[in-house]
Amino acid sequence: MTHKHRKKSMDPVQIIVIGFSLVILLGTLLLMMPFSTRSGESAGVVTSLFTATSATCVTGLVMEDTYTFWSPIGQSVILLLIQIGGLGFMMIAAGFSIMVGRRITMRERLLIGKSMNVDDLAGIVRLAKGVIIGTFSFEIAGALILALRFSKDFGWWDGLVKGIWHSVSAFCNAGFDLMGEVKPLSSLEVYLRDPAITLTISLLIIIGGLGFYVWSDIVSNPPNGKLRLHTKLVLTTTGLLLALGTVAFFMFEYHNPATIGNESTGVKLMASFFQSTTARTAGFNQMPQDALTSPSRAMTDILMFIGGSPGSTAGGIKTTTLAVLILAAIAPFKGKNNASAFGKRVPQRAVNDALSVFVIGIAAVTFGAFGVAVIDGVPYFEALFECISAFATVGLSRGLTPTLSVLSHLILIVLMFLGRVGIMTIGVAALLRDHTESKIILPEGKIMIG
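By my numbering, the letter at position 120 of the sequence shown is numbered 175, and the numbering carries on one by one without gaps.
Below is the structure:
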């Protein structure tokens with residue numbers, strides 16, 4: 056067979072898109088089965104597709120309450136989709152290969168690396184093992200702590216189930232919950248004053264949102280060791296966003312009786328920290344989102360859009376995108392031609408990629424919200440909140456999503472898929488493309504800015 060007629064193999068970008076699509080399709084088919092609902096009737100195509108997409112893309116937006124609508128089998132399907140979506144199907148496949156002792160091929164190593172946005176294949180199998188072990192270790196530890204607390208309210212078996220469920224959902228930044236047993240679509244509002252639940256879930260969300268590459272860098276370096284620039288930017292930006300969000304929500308909601316206005320100072324501070332944490336792609340809530348003050352709503356929009364960090368279970372445009380854009384913006388004021396941080400120069404291609412992700416994100420949520428507002432006749436900024444939540448794979452809602460039409464639900468499905476898979480493939484494509492400089496230098500044209 057000549058090279059011209061040889062079948063062209065799929066590149067990692069195509070495999071990631073098709074792989075996620077197949078997982079969503081399989082999840083949809085399973086959720087459509089009568090045994091997946093408590094009523095014993097099929098949930099229908101749209102509800103099943105929306106839920107499967109939300110779970111696989113670790114979003115958390117729902118059309119129906121997870122506990123009251125879906126049967127234990129349906130809930131198990133959703134949890135499995137969350138775990139696959141959080142780790143990535145390539146990482147799951149690698150885990151099975153490692154367990155049975157099968158050798159990971161070079162092509163599989165490439166796919167694993169690209170799925171985590173890592174372009175250095177040296178030690179990729181060791182990194183994959185660390186990610187899998189770390190993921191399940193954190194989830195098991197979180198499940199045990201949560202189960203001990205939930206068992207006081209629901210008994211030991213239901214407490215264990217809820218502990219496992221919420222630990223996986225929190226670590227994968229999914230935001231699905233089983234609190235419909237207390238009150239449908241109430242998330243964790245009943246545990247507003249509970250530090251064990253609040254802090255455990257917050258910690259799981261933060262760790263899951265840092266990114267597998269950051270874990271590896273921290274673990275492989277001693278306490279006073281040299282961390283990579285990526286890790287430093289992630290940790291710095293994450294810390295600043297958490298602190299800024301906590302202070303902002305504390306101030307904006309301090310006197311709001313509909314959220315935390317009547318609580319003690321300690322509870323107000325803890326709830327503000329939780330809102331700051333969960334807004335960046337987790338989707339659990341302790342404050343009713345439709346009761347937030349206007350400044351808090353705006354702050355939530357911003358934090359949702361930014362999201363977590365690359366190579367993590369989180370969504371959004373990512374912390375490093377924000378950091379790189381800010382560094383590039385202030386570079387001219389410092390008399391520099393290139394962005395820099397921690398004594399390192401930020402590559403120009405990273406600035407270009409960050410700008411691409413930012414512009415695509417803005418365009419997606421802007422036009423998505425416009426479509427929802429026109430189709431369903433809802434206020435634009437209400438639609439914008441749901442669209443940012445979908446695109447950034449957050450899952451927070453002001454109660455609008457369940458009331459929308461089929462067309463608007465399809466818009467949210469596209470945004471969830473784009474936010475989880477689209478942004479990921481942009482990152483992968485950036486790693487795959489040839490970064491060698493073109494030998495053709497075009498003449499420079501002058502453009503006035505500002």
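We treat Cβ as the ideally placed atom computed from N, Cα and C, and that holds for glycine.
Just so you know, the alpha carbons of T458 and A424 end up roughly 15 Å apart. C-alpha of L462 to C-alpha of S351: approximately 29 Å in a straight line. Annotation for L324: the continuous alpha helix (DSSP H) segment containing it runs T320 to T333. In this structure, DSSP gives S349 a helical state, which the three-state scheme calls helix. Unbroken alpha helix (DSSP H) runs of no fewer than 4 residues, entirely contained in the stretch 398–481, are found at 403–431, 435–446 and 461–472, following chain order. Per DSSP, reduced to three states, the secondary structure at A396 is strand. If you draw a straight line from the Cα of T333 to the Cα of D356, it comes to about 12 Å.
Residue state for T92 is assigned as strand, using DSSP reduced to three classes. For the pair G140 and V113, the CB atoms are nearer than the 7 Å cut-off.
When DSSP reads this structure, W125 sits in a beta bridge with T92. Secondary structure note for V274: its alpha helix (DSSP H) is the uninterrupted segment F267 to S275.
For G370, no alpha helix (DSSP H) segment is defined, and its DSSP state is neither H nor E.
Within its own chain, the residues whose Cβ lies closer than 8 Å to the Cβ of Y435, once the five positions on either side in sequence are excluded, are A424, F425 and A428, listed in chain order.
V379 and V406 do touch by the CB rule: their CB atoms are close to 6 Å apart, below 8 Å. In this structure, S364 places its C-beta atom within 7 Å of the C-beta atom of T374. Straight-line spacing of the CA atoms in L134 and L81 works out to 14 Å. One thing to note: Q344 has its Cβ within 7 Å of the Cβ of R453. Taking a 10 Å sphere around the C-beta of F388, we find fewer than 16 other C-beta atoms and assign the residue as exposed.
In its chain, beyond the 5 residues on either side, A378 have a beta carbon closer than 8 Å to the beta carbon of T291. Sequence-distant Cβ neighbours of T102 in its own chain, meaning closer than 7 Å and more than five residues away, are M118 and E119. When Cβ pairs closer than 8 Å are counted between the two stretches, the stretch 201–219 is seen not to touch the stretch 90–104, the count staying below three.
Contact holds between the stretch 217–229 and the stretch 198–207, because three or more Cβ pairs, one in each stretch, are under 8 Å apart. Boundaries of the alpha helix (DSSP H) around T293: L284 to E308. Going by beta carbons, L259 and F226 fall inside the 7 Å limit. Rounded to the nearest whole angstrom, the CA to CA distance from S444 to E499 is 41 Å. Taking C-beta atoms as the reference points, A438 and M354 fail to come closer than 7 Å. Secondary structure of M359 (DSSP, three-state): helix. Within a 10 Å sphere around the beta-carbon of A229 sit 16 or more other beta-carbons, which makes this residue buried.
Of the candidates T456, G474, C442 and K399, G474 places its Cα closest to the Cα of G370. In the same chain as H285, and ignoring 5 residues on each side of it, the C-beta atoms closer than 7 Å to its own belong to Y268 and T375, in chain order.
Secondary structure at F388: helix, using DSSP grouped into helix, strand and coil. Our two residues, V216 and A386, have alpha carbons roughly 51 Å apart in a direct line. The Cβ atoms of F339 and S242 sit closer than 7 Å to each other. By alpha-carbon distance to D208, the top candidate from V245, D431, L240 and V289 is V245.
S411 and P89 have their C-alpha atoms roughly 43 Å apart. For A225, the enclosing alpha helix (DSSP H) stretches over residues W211 to F226.
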